[in-house]
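J.:
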Amino acid sequence: MGALSALIVTTCVGPVLVAALIVIGQTGDMVRGGAALFAMSLGMGAPLLVIGIPPAAGCRALAPGMDGVKRLFAR
0 MGALSALIVT TCVGPVLVAA LIVIGQTGDM VRGGAALFAM SLGMGAPLLV
50 IGIPPAAGCR ALAPGMDGVK RLFAR
């Protein structure tokens, strides 16, 4: 799963990251570039937190769905 996940993340994030780094390199504006990279990291991390925190916090409403995901990837 790790290799598949890395492939998907690289494919989705790579072009955006390269574009942000090119803009930083061409403009030299470190604050704007840092803000853009920070915003990108929040956009990538927020959905993971939304999905991961409720089951870990004991939210039973999502438990049946998460059990289905575990069964799917356990095969």
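Numbering follows numbering that gives the first Met the number 0, in which position 22 of the sequence shown is assigned residue number 21; successive positions increment by one, without gaps. Heads up, the beta-carbon is just placed ideally off N, CA and C, and yes, glycines get one too.
For a test of the three-state rule: what should DSSP assign to Asp-28, helix, strand or coil?
T.: coil
J.: With distance defined between alpha-carbon atoms, name the residue in Met-43, Lys-69, Ala-18 nearest to Ile-7.
T.: Met-43
J.: Please check the pair Ile-78 and Met-29, which I expect to be a contact at CB under 8 Å, by giving their CB distance rounded to whole angstroms.
T.: There is simply no residue 78 to check, as the chain begins at 0 and stops at 74 in what is shown.
J.: Taking C-beta to C-beta, are Gly-32 and Ala-19 nearer than 8 Å?
T.: yes
J.: Just checking Gln-25 against the ligand ATP - is the residue's beta carbon closer than 7 Å to any of the ligand's heavy atoms?
T.: Among the components of this structure there are no ligands whatsoever, and the ligand ATP is therefore not found.
J.: To the nearest angstrom, how far is it from the Cα of Pro-46 to the Cα of Ala-73?
T.: Pro-46 and Ala-73 have their C-alpha atoms some 23 Å from each other.
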